[in-house]
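A short worksheet on the structure shown next.
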Amino acid sequence: MSEVQHLHTQYALLLVHDVPLAGRNLIEASAGTGKTFNITGLYARLVLGASIAPGAPSYNAQKGLLPEQILVVTFTKAATAELKDRIRLRLAQLTQTFVEQAPVIVNGAAEPFCADVWSRVIDEQLDPAPLLAQLRLALATLDCAAISTIHSFCQRLLTEQAFEAGFDFDRSLLEDESELLTEITQDFWRSQLYHADPAWVAYLRSKKISVDSLLQRAALSKSRNPSDFLPLPPLPSDEYLQAQAQRYAQLWSECQKCWDQAEISALLLNALAGGIFSGTYRLTVEKWQDCLAQANRLLLSSTPSVGLFKEWDKLTQSHLEKMVKKDFKSVVPKHKFFVAAEQLFLNAQSMAADFDLRLKHWLLQFGDFVREQLAQRKAKAGQMSFDDSITALAQALQNPVRAQNLADKVSQKYQAALVDEFQDTDPVQFAIIDRLFGQVLSDGTLPPFFMVGDPKQAIYAFRGADVYAYLGARAQADACYSIDTNFRSDAPIVQFVNALFAPKDAFVESKITHPTINPKHSGASKLRCADARGSVHAFVFDGGNPENAEKMLFAATADEIAALLNAANDGKASLGERALSPRDIAVLVPSHRQANEMRKALLKRGIAAVMQTRESVFASSEAQGLCAVLAAIEAPAQTGLLRKALVSSVMGLSVAQLMALQLDDAAWQREVENLQTWRDEWRKFGFMAMFRRWLVEADISSRVLQFADGERRLTNLLHVAELIQNESRARPSPALLLAWLSRQVAEPNQSSESQQMRLESDADRVRLVTIHASKGLEYPVVFCPFAWKGKKALLRDTDMLAFHDPDNGHVLKIDVGTSELEAHKAQAEHEAYAEAVRLLYVAVTRAKHRLYLAFPALDKASPVVKNAPLTQLLRDEAGVSFRSQLKDLGIAQITAAFVRLGQSMSAPLTVSDLPASQHYQGQLSSSADLQLGRLSPRFAQAPWSLAAQWRLASFTSLTRAYGANEALAEVGADHDAHTTLPNLQDAATVDQMRFSFARGSKAGTTLHAVLETEDFSRGDAALLASNVEKQMLKSGLPLSDTTASETAEWLLDVLAAPIELRTELEQGTSKGVLQLNQLSTRQRLNEWQFLLGCKSIDVAAFCRVLAKPEFNVEPSFIAAAQRLKPEIFAGYLNGFVDLVFFWQGQYFIADYKSNHLGDDLGCYAPEQLIDVISDSHYYLQYLLYVCAWHRHMQARLGAAYDYQRDFGGVLYLFIRGMSSKSINCGVFQDIPSLELIEALNATLGLGAEQ
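Residues 783 to 2032 (this note's numbering) make up the sequence shown, in order.
The following block contains the structure:
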């Protein structure tokens, strides 16, 4: 195996088929080198039981692992979902390879991994049958795969191994700690300041310390370890501080007694008029008067202020003596106030130093209080946050005995571990992963453990990621591997990146270096363009100052994009066999602000763009506007709130329109009445019903879509509404919900995945992407116009200065004001700049075929250029970084630096001045379409009607009577909305629990909950009774002494009921008898939720398909379907399937029904159930379920899935009628034909199953 030498680490070249599957391994995967390809390859080898031992077969199915035995950990939910899909695709491709006995074809060629596997099978004459069976089993059980975020893994481990971890079993998840943090902060504020010294309170006010500022600090403090903080100098004694405060109050009082503004003003102004003050110190009359006015305001206060104003020292006697010319020393202005003011000034300086130190200790005390109280209050409430799972597991692993027990337990469940994006770990996470998977087990073995990442792409320090944790893990790895081939970018771009990051100090941090990467694509580029630009092009120009240069680049970038698209329209710019399109172009920017400005520049040239950032949607103006609107709806009598709502970004009235509205009494009253109507709707039907009504009645879509960025605004608005709806389940009260929203808007959580702004459109548009959001993505053409511009200050916050101590193994430390603060600040700035360079690496490695950069020559040196990443990487002839020679950077020097970088490229790097002004001659080219940055009415129309055509629907919403708010019914499981047939007898006097058990939706939900959480196979009546009691108490059902035990006996009888499963219902062919108690938990999937994306849901067309004779649908179902209200809409079909189970090689869909049909088992005979299925439209429910499951299996297994072979049918289980004494009683069965399901799916249109 060949080797790659980095500066500090010896790397072996990774060959995914030959790497040993043992020990602790680190794979360093540079951008574009196929990281995910190799992870899925390692996963597939583990499934196939791969080995490279001499004489052993390459694959052995008997040694293969199943998905539930392979742990895969990454750091975001989105990455988890993507990785799971890619693993599924890899296994499906391998399955198809074994089925067809030839490598699967992808893009016209044999897929390389599958080809290698199959060639080894052929060369070694291995039996493919057991390997195919293993692959099929892995695919079938992939939904049980252990692929999760690090937080989810820790939480699951604590739950499963609670005893070994010493963890409380019964803790609920607290997703949002903001409310608790607010309470704790307010408690601290009250306890500290209620009896506080007035001078201390005044000092805090002068430092802008408030409940709100402390609340911001609380979010940071809660996650900090107390040992991270460097010790502060000790505080003076309380006696000393008290004496100081008393002395200061005394001097303050003396100044007040001596103060006479008129007398002192006359004295000083006369001296000024006499010319006795020297020019160095002389103040104007206005400045003296302002100084005296400030003193007067300050001394009128009854509370002494430690924070004197800046010019106070001008009023001290010694300063006045300095101001007087030598010849006038005898006539220095004198007043007893000047003497008192000097004593106060000197004492204030001493007091300020004491108070500064006291504040630092006080803030540390606050952090301790937050951590202590947060832990106590969550423990008392039986709650834990996501971060708590990490902390609790780390603490458990500090005990050597407990750590070994946990590691052994984990190794029994997970026999291999893969950690993706390892550069995003923090020290605590790494300690957990390393202790569980990187240490020798008690039996002396070390299972396969792979850490995969790239320190050059470590850009999430603001989330707690610690690149030094990665570097520490690299040093401890048994083997380190590198990948030397880039599969993403054209050769010139790969060569440019090699040259740009070649210097040993390129990444600032000496232990991070860039290996030479070889391009996979060395031939002609797929991008063909008639312009003179190279694969890498730099704009070098005279920018004046940084602000002007940035404005010029917004325009220039838009001009260049217009030129590219115009060339595409003229047949002069193509990508492969098609024209270059807007979606092929991405502009990568550091900030959301720059993305907005770039959008405006593009719109001026007729080019539509879509934004992708990681900013919280609660930081948007739409969130603020909706907050204002909801506040007005919640309190319609408050005129001020209504005014604020009307001029918000979502209602959009101008000040002139608002004034006109207020002058029209009738119109104003209508607005107030609207608020009252919406408030009533909110209180009666919940937030989402009110929100939808407001959208329609206030015509919000038209208001918002009139703006050029209308789609962005509408997307934000709907996203915020969805988050509010989710929260409304926990806070149904409008007041509580509004208070929660106000907190989110005030303090957006930028690290929350659910809050990240969504893509507003998938149309053919230019992509505007923040660099953080671009990580992991790729684009044919990439613009990085602002790599030359950094931040004015590398550090945002120096009150809690986090840095890694280079003299102590780069351990994280926090300095809140020690004597070494400046040295630590320099280290923190060093780390911040290093991350800025890594951010640039991420940006330039997104490009596949063309990369644009820019660097302006400025009039003078600027901090924003010194702090820019590109400044570190551009060098003069001697290899000296531009950071050290900012004053001498002209166009010639910058151009020469780019040309030198291009010397190692196989195609020339080109440099030019800014492009000429352009306007896109495509779809949005006419000035009528783009006036003053707003779209014309033709483009301002909503693409669909929010009122009726788009919605989220379920079986329940399709079948119940339609009302005003029907489409807004809460999405949830359909738990027996129809519970009792009206023509059957009353069961009040029946003794049997199956018939006397409570009826209604609450009873149905309770029984469903019991069955979903019960292990069918254990047959323990006491445990089942305990579960029944728990669920009945939760739902509030009446509970007698015997209810739980009798219900348990009934349900055990249900689980023992024989169900004869049929292969062909009409011919009566049996495939065997099933009892539910034969199903293990591994064979069951409870509450399977689906979300079917449908372009067109036509209820009438759905029903017409049922009526076709070739599908042989039950006539009563066809008749019932005709009674449904015909409707056409688009959106999503949502549902929950009670049970999917796997039995004898087939999947079955089952739904529990608690309907009371009578007090005799005869009422539940299979032939009696037809009418219930028909009248309640359950046929529609299960057909939708089967459609969803069919799509799901097609998406997950592809060619390996066969409906007629793999799907066993539908069972509707009427549990009041199921009995161990009667076969098939209470059971309705159907096996819809494949042709029917495909025809029904066709009526739903093509959509994405999620």
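From the three backbone atoms N, C-alpha and C, an ideal C-beta is built for every residue, glycine too.
- In the DSSP assignment, no residue is bridged to residue 1211.
- Per DSSP, reduced to three states, the secondary structure at residue 872 is helical.
- Going by C-alpha positions, residue 1410 is about 10 Å away from residue 1431.
- For residue 1796, the CB contacts under 7 Å within the same chain, skipping 5 residues up- and downstream, are 1806 and 1809 in chain order.
- A direct Cα-Cα distance of roughly 8 Å separates residue 1354 from residue 1361.
- Put simply, the backbone Cα of residue 1695 is about 55 Å away from that of residue 1075.
- Between the alpha carbons of residue 1326 and residue 1405 lies a distance of about 37 Å.
- A straight-line Cα-Cα distance of about 6 Å links residue 1845 and residue 1853.
- By alpha-carbon distance to residue 1121, the top candidate from 1576, 1039 and 1453 is 1039.
- Burial state of residue 1959 is buried, judged by a 10 Å Cβ sphere holding 16 or more other Cβ atoms.
- Distance from residue 1213 to residue 1243 at the Cβ level is roughly 18 Å; contact not present, criterion being Cβ atoms closer than 8 Å.
- When the beta-carbon positions are compared, residue 1834 and residue 1801 come within less than 8 Å of each other.
- With a cutoff of 8 Å on beta-carbon distance, residue 818 and residue 868 are scored as near each other.
- Within the model, the alpha-carbon separation for residue 1081 versus residue 1037 is close to 8 Å.
- Taking 8 Å as the cut-off, the Cβ atoms of residue 1249 and residue 1200 do not count as close.
- Listed as beta-bridge partners of residue 1994 by DSSP are 1933 and 2010.
- With contact defined as three or more Cβ pairs closer than 8 Å, the segment 1981–1992 and the segment 1944–1952 are not in contact.
- Cβ neighbours of residue 1538 within its own chain (closer than 6 Å, five residues either side excluded): 1396.
- Rounded to the nearest angstrom, the gap between the Cα atoms of residue 1840 and residue 842 is 39 Å.
- Counted as a single uninterrupted DSSP element, the alpha helix (DSSP H) harbouring residue 1648 occupies residues 1645–1648.
- For residue 810, the uninterrupted beta strand (DSSP E) run begins and ends at 806–810, by DSSP.
- About 7 Å separates the Cβ atoms of residue 1331 and residue 1640, confirming a contact at the 8 Å cut-off.
- Burial is judged here by how many other beta carbons sit within 10 angstroms of a residue's own beta carbon; residue 1884 has at least 16 and is buried.
- For the 8 Å CB-CB criterion, residue 1146 and residue 1598 form a contact.
- Comparing C-alpha distances from residue 883 to each of 865, 898 and 1092 shows the shortest one belongs to 898.
- By the Cβ test, the segment 1644–1654 is in contact with the segment 1613–1620, since at least three Cβ pairs between them sit closer than 8 Å.
- The beta carbon of residue 1871 sits closer than 6 Å to those of 1918, all from its chain and outside the five residues before and after it, given in chain order.
- From the listed residues 1697, 1957 and 1990, the smallest Cα separation to residue 1972 is found for 1990.
- Straight-line measurement puts the Cα of residue 800 at about 8 Å from the Cα of residue 833.
- For residue 1655, there is no enclosing beta strand (DSSP E); the enclosing alpha helix (DSSP H) has its first and last residue at 1651–1655.
- Closest in alpha carbon position to residue 1134, among 1030, 851, 1185 and 1208, is 1030.
- With a beta-carbon spacing of about 6 Å, residue 815 and residue 1268 fall inside the 8 Å limit used to define contacts.
- According to DSSP, residue 1868 shares a beta bridge with 1921.
- For the pair of segments examined, the segment 1112–1131 was found not to touch the segment 982–997: the number of CB pairs separated by less than 8 Å stays below three.
- Per DSSP, the unbroken alpha helix (DSSP H) holding residue 998 starts and ends at 993–1003.
- For residue 1501, the closest of 1108, 1403 and 1092 by C-alpha to C-alpha distance is 1403.
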